Every structure is written in structure tokens, then in C-alpha cells.
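J.: My questions all concern the structure below.
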Amino acid sequence: MVLSEYYKLNNGMRVPKVALGTWQVPDKVAVEAVSVAIDAGFKHVDTAIAYGNEEGVGAGLRAGMEKTGIRREALFVTTKIPAEIKSFKEAERCILESMKRLDCSYIDMMLIHAPRPWKEMNASSRYRYFDENLAVWEAMEDAYLAGKIRALGVSNFDIDDLKNIFDNGKVFPAVNQVKVHIGHVPMDIIEFCEQNGVLVEAYSPNATGKLKDVPEICGMAQKYRVSVPQLASRFDLQLGLLPLPKSANPDRIRENSNLDFEITAADMAQMLQIEGL
Numbered sequence: 048m049v050l051s052e053y054y055k056l057n058n059g060m061r062v063p064k065v066a067l068g069t070w071q072v073p074d075k076v077a078v079e080a081v082s083v084a085i086d087a088g089f090k091h092v093d094t095a096i097a098y099g100n101e102e103g104v105g106a107g108l109r110a111g112m113e114k115t116g117i118r119r120e121a122l123f124v125t126t127k128i129p130a131e132i133k134s135f136k137e138a139e140r141c142i143l144e145s146m147k148r149l150d151c152s153y154i155d156m157m158l159i160h161a162p163r164p165w166k167e168m169n170a171s172s173r174y175r176y177f178d179e180n181l182a183v184w185e186a187m188e189d190a191y192l193a194g195k196i197r198a199l200g201v202s203n204f205d206i207d208d209l210k211n212i213f214d215n216g217k218v219f220p221a222v223n224q225v226k227v228h229i230g231h232v233p234m235d236i237i238e239f240c241e242q243n244g245v246l247v248e249a250y251s252p253n254a255t256g257k258l259k260d261v262p263e264i265c266g267m268a269q270k271y272r273v274s275v276p277q278l279a280s281r282f283d284l285q286l287g288l289l290p291l292p293k294s295a296n297p298d299r300i301r302e303n304s305n306l307d308f309e310i311t312a313a314d315m316a317q318m319l320q321i322e323g324l
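Residues 48 to 324 (this note's numbering) make up the sequence shown, in order.
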């Protein structure tokens, strides 16, 4: 079962191959979503301070553990420092507050949510925040060395942003979480990460619902007798990535847990030819 399989991170830790995404899942709704996901076999939950649902995720973890008997050590929780936080002190505060909201004695993995504040990610201004990201990274490193965080990573980082951490940090990033889905496969960053031992996590594997409007993708899902979101997550898995399928619907969460099928090499190649989504 794919949900019971793991990737090995560059610090020796194991991370479950699929995570429940919780972007745009309200705090109170996250409680049931996470609990249902754990009952369905998910062992990895992805959240972020910016999502405003860490308390709900934490409550869902506790509910799921109580329902299934699974131990905290068997679960993997990822959260993220907001893109707008760019100082050591603020990052240090964020880490402690996340631990409190999640009600966890440690966080399995913490990411820098983006290399620049969100309003500047697609702006013409190209100030890179290299020094500021290093300050945030240093606070994360201190928490890592103190055992408060067990793995460190980044999100939405391009090659130059990654090199800045590679060249100046004490702890090497374990993951880079970027948008990857059928019709949008950034091979340059994927290959760079693979060459440097950084696992790529794929957020929005279903392109925030857009894939269902592509006849070719719908036809492929019908061929395998799976839903489009299932096909999308399996596509990312077969690229060697870690998908984060997001849903708050219990039936869809359970559906998304069933990824034990294989896409043929020919069909993978055909889907890799789709562009512009």
C-alpha cells in the first residue's frame, strides 16, 4: 500500500510518500479531515501557519490517533514559516507558536513557505532576500539541533534560492515543495533537486481542480478506473515526487488514499507531453 511506503530524506529520516494537503481547509473543518485521513491510512499531514488551521490539524491528529491507536511517532507533520517572515527572531517565534498550536512536542518538518513575500513572488521586483532567508534558516537550524524540528526544507525555491542555502547553511534542505501536476512539470528544478539529494514534494497535484476539465486526462483516468485526483497523485509518485492531495471531503480523502495502481510508461510519456495547465 502506497500510504505505508516511505522516501528516505538526506538526513536519514523516513517520510511517508503521500501527504494530506490542508490549504484552504478551515480550522474547524481540518479536525475531521485529518482524523478521517489518518483512519484512511494517511501518515503525513501538511499544513502551514499561513493556512490558519494548525490548531485544527493538531486536534485532528489527536482524534485520529485516539480512533486508530496509531502513535504520534508513526505520523509525520509538516508546517511552514510564512513567506513574509524574514528575520531570525520572528522565525524563532513562529516555530514555538506552531508547536503550541499543533500541540506537538516536536514538528517533523518545517519549511520556509516561499523565498520572497507572496506579493513579490510574481512582481517585477527581483530582490532575492538571500540574507533574510539565511536568518530564518538559522533559526530553523537551532530548533533542529535542539530536537524541536526533525527535518528542514523549503517551498517554492528556485535554483539560486536553493544554492544560497546549500552554500551558507549548516543543515542541508531535505525537501523543496513546489507546484507539480499534469500539464505543469518544472523539470529544471526537479532535476536540480534530484541531483543534490533534495526530495521534491508536489503541491496542487490536481491543479486545484483544473485537470477535470481536460478530456485527455479524464479519458486516462477512465482507462485506469480511477478518479482524476487519483491519477494526478499517481503521476507525481511515478516521477519520484511526494504528492499532497488536498480535500476536506471524507469520501474523497478515502478515495485519494487508494493509489495502488501503475501508470504505464507510454501513458506517463503521453501525459508529460501535456503543457500549459
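Beta carbons: idealized from backbone N, C-alpha and C, even for Gly. Since we're looking at a predicted model, the values are computed, not measured.
(1) If you draw a straight line from the alpha carbon of P292 to that of V225, how long is it in whole angstroms?
(2) What is the C-beta distance between A182 and F213, in whole angstroms, given that I count them as a contact (C-beta under 8 Å)?
(3) At which residues does the alpha helix (DSSP H) containing A268 begin and terminate?
(4) Using a 10 Å radius around the Cβ and a threshold of 16 neighbouring Cβ atoms, would you call E322 buried or exposed?
(5) Give me the residue from G244, N180 and V124 with the minimum Cα distance to G216.
(6) Does the separation of the CB atoms of S251 and V227 fall below 9 Å?
(7) List in chain order: all unbroken alpha helix (DSSP H) runs of 4+ residues lying wholly within the segment 157-204.
(8) With 16 as the cutoff for other CB atoms within 10 Å, does D93 come out buried or exposed?
(9) Can you name, in chain order, every residue of its own chain whose Cβ lies under 8 Å from the Cβ of K114, other than the five neighbours on each side?
(10) Mapping the DSSP letters down to three states, classify Y54 as helix, strand or coil.
(11) Pull up the distance between the alpha-carbon of R163 and that of R175, whole angstroms please.
(12) Can you name the start and end residues of the beta strand (DSSP E) that A249 belongs to?
(13) Give the single residue among K270, I117, A190 and V275 whose Cα lies nearest to the Cα of G259.
(14) Skipping 5 residues on each side, what residues in its chain have a beta carbon closer than 6 Å to that of D155?
(15) Here's a check: name, in chain order, each residue in its chain whose Cβ is nearer than 6 Å to the Cβ of D208, leaving out the five neighbours to either side.
(16) At 3 residues or longer, and completely inside the segment 53-134: list those beta strand (DSSP E) runs for me, N to C.
(17) Could you work out which residue in G256, L306 and E102 is closest to V76 when comparing CA atoms only?
(18) Return the Cβ separation of D150 and G105 in integer angstroms, given the expectation that the two are a contact with Cβ distance under 8 Å.
(19) How long is the line joining the alpha carbons of V62 and K210, rounded to whole angstroms?
(20) Based on DSSP bridge pairs, tell me the residues matched to Q224.
(21) Give me the DSSP bridge partner(s) of K257.
(22) List the endpoints of the continuous alpha helix (DSSP H) containing V275.
(23) Per DSSP, what kind of secondary structure is K217 in: helix, strand or coil?
(24) Might you give, ordered along the chain, the residues of its own chain that have their beta carbon closer than 7 Å to the beta carbon of D325, omitting 5 neighbours on each side?
(25) Note the first and the last residue of the continuous alpha helix (DSSP H) segment covering C240.
(26) Should F204 be labelled buried (16 or more other beta-carbon atoms within 10 Å of its own) or exposed?
(27) Under 9 Å between the Cβ atoms of L50 and V72?
(28) For the candidate residues M187, L56 and R109, whose alpha-carbon lies nearest to that of A138?
(29) Since I believe F239 is in contact with R281 (beta carbons under 8 Å), could you give me their beta-carbon distance rounded to a whole number of angstroms?
(30) Quick one: residues in its chain with C-beta nearer than 8 Å to the C-beta of Y153, no 5 flanking neighbours on either side, listed in chain order?
T.: Here's the rundown:
(1) Near 13 Å, if we compare the C-alpha coordinates of V225 and P292.
(2) The pair is not a contact, with the Cβ atoms about 16 Å apart (cut-off 8 Å).
(3) Taken as a continuous stretch (DSSP letters only), the alpha helix (DSSP H) holding A268 covers P262 to Y271.
(4) By the neighbour-count definition (other C-beta atoms within 10 Å, threshold 16), E322 is an exposed residue.
(5) The shortest Cα separation from G216 among G244, N180 and V124 belongs to N180.
(6) Against a cut-off of 9 Å, the Cβ pair of V227 and S251 comes out as a contact.
(7) The segment 157-204 contains, as complete alpha helix (DSSP H) runs of 4+ residues, the segments 165-168 and 177-192 (chain order).
(8) D93 is buried by the Cβ-count criterion.
(9) So the list reads S82, I85 and D86, once near-sequence residues are dropped.
(10) If DSSP states are grouped into helix, strand and coil, Y54 belongs with the strands.
(11) Answer to the nearest angstrom: the Cα atoms are 7 Å apart.
(12) From DSSP, the beta strand (DSSP E) with A249 extends over L246 to Y250.
(13) Reading off the sequence shown, one finds Lys at residue 259, where the question assumed Gly. Shortest Cα-Cα distance from K259 to any of K270, I117, A190 and V275 involves V275.
(14) Taken in chain order, the residues that qualify are F123, V124 and R197.
(15) Within the same chain, and ignoring the five residues on either side of D208 in sequence, the residues whose Cβ sits closer than 6 Å to its Cβ are P162.
(16) List check, beta strand (DSSP E) in window: 53-55, 61-63, 91-93 and 123-128.
(17) Among G256, L306 and E102, the Cα nearest to that of V76 belongs to E102.
(18) Rounded, the Cβ-Cβ distance is 4 Å, consistent with contact.
(19) Each residue's Cα considered, the two are about 23 Å apart.
(20) Answer is S202 and E248.
(21) Beta-bridge analysis with DSSP links K257 to no other residue.
(22) For V275, the enclosing alpha helix (DSSP H) covers residues V275 to Q285.
(23) In the structure shown, K217 falls within a coil segment according to DSSP collapsed to helix, strand and coil.
(24) Limits of the chain in this structure are 48 at one end and 324 at the other, which puts residue 325 out of reach.
(25) That run of the alpha helix (DSSP H) goes M234 to Q242.
(26) The residue is buried, with at least 16 neighbouring Cβ atoms inside 10 Å.
(27) Pairing L50 with V72 gives a Cβ-Cβ distance that is not under 9 Å.
(28) Minimum Cα distance to A138 is reached at M187.
(29) Between R281 and F239 the beta-carbon gap is near 24 Å, outside 8 Å, which marks them as no contact.
(30) Excluding positions up to five away in sequence, the list reads M146, G194, K195, I196 and R197.
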